[in-house]
Each structure stands twice: as C-alpha cells, then as structure tokens.
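Residue numbers (my numbering): 169 to 260.
So, in structure tokens, the structure goes:
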C-alpha cells in the first residue's frame, strides 16, 4: 500500500470503475472539457466522481490508475491512448 503524496499530484485523465446503488457498474474516463488527454488532480477525483448525479450517481468507485495508457471506445466514440497499453478490459 503506497501512501498518496499530494506534493507530486498532477493533472491527468482518470479511468475508473464505479457502482451505483442498484449494483450497476460503469466504466468512466474523467477528462478536462477542452483536453481529453488531461484531467483532474487525483486529490480532486473523489469530490468530482461523487458529485455526479445525472444520469447516474455512484456510491463506489475504483481508480484504475492507468494514466496515459488508458483508452476508451463506445459506439464510434474513441479516446486514444498516449502510450501502448499492456492489458484491456472489454465489456459487451
């Protein structure tokens, strides 16, 4: 278990798995509005994720911590990885 060090926190896009109160799971990628390759500070992530209330509200979330190797595909929408990915989670 590595403790969080706020002094080295940086803006980066974040990939998460979240669960709502009905046990429905969501894959999320949190980015900046004008830059899909950047996102919030890790220290701000829980406040952002748990303030979402539409179209769903999460009661649990796990940061996947994949950083620049994260990618997202859904119905023709794609956010490309910045570096090669080592593994892939697919949900159909």
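All residues carry an ideal CB built from backbone N, CA and C; glycine is no exception. These numbers were taken from a predicted model, which means no experiment stands behind them.
**Whole beta strand (DSSP E) elements within the stretch 219-253, 3-residue minimum** = 226-231, 240-242 and 245-247
**Request:** Report the residue from 215, 226, 201 and 247 whose alpha carbon sits nearest the alpha carbon of residue 190.
**Result:** As a working mapping, residue 190 is identified with position 22 in the chain shown. Out of 215, 226, 201 and 247, 226 has the C-alpha closest to the C-alpha of residue 190.
**Asked** When DSSP labels each residue in this structure, what does residue 198 get in the three-state scheme?
**Response** What you label residue 198 is simply residue 30 of the chain shown in a count that begins at 1. Three-state DSSP puts residue 198 in a strand.
**Request:** From the DSSP output, in three-state form, read off residue 216 for me.
**Result:** For the purposes of this step, residue 216 is taken as residue 48 along the chain shown, with counting starting at 1. When secondary structure is reduced to three states using DSSP, residue 216 falls in the helix class.
**Prompt:** Going by DSSP, what residues sit across from residue 193 in a beta bridge?
**Reply:** Counted from its first residue, the chain shown places residue 193 at position 25. Paired residues: 187.
**Outcome for residue 183 when other beta-carbon atoms lying within 10 angstroms are tallied against a minimum of 16** = Walking along the chain shown from the start, residue 183 turns up at place 15. By the Cβ neighbour-count rule, residue 183 is buried, with 16 or more other Cβ atoms within 10 Å of its own.
**Buried or exposed (CB count within 10 angstroms, at least 16 for buried), residue 248** = As a working note, residue 248 is residue 80 in the chain shown. Exposed: under 16 other Cβ atoms inside 10 Å.
**Message:** Alpha carbons only, please: which of 218, 216, 181 and 217 is nearest the one belonging to residue 202?
**Reply:** Within the chain shown, numbered from 1, the residue matching residue 202 stands at position 34. Of the candidates 218, 216, 181 and 217, the one whose C-alpha sits nearest the C-alpha of residue 202 is 181.
**Item:** residue 186, buried or exposed, once every other Cβ within 10 Å from all chains shown has been counted against 16
**Value:** Walking along the chain shown from the start, residue 186 turns up at place 18. Buried is the call here.
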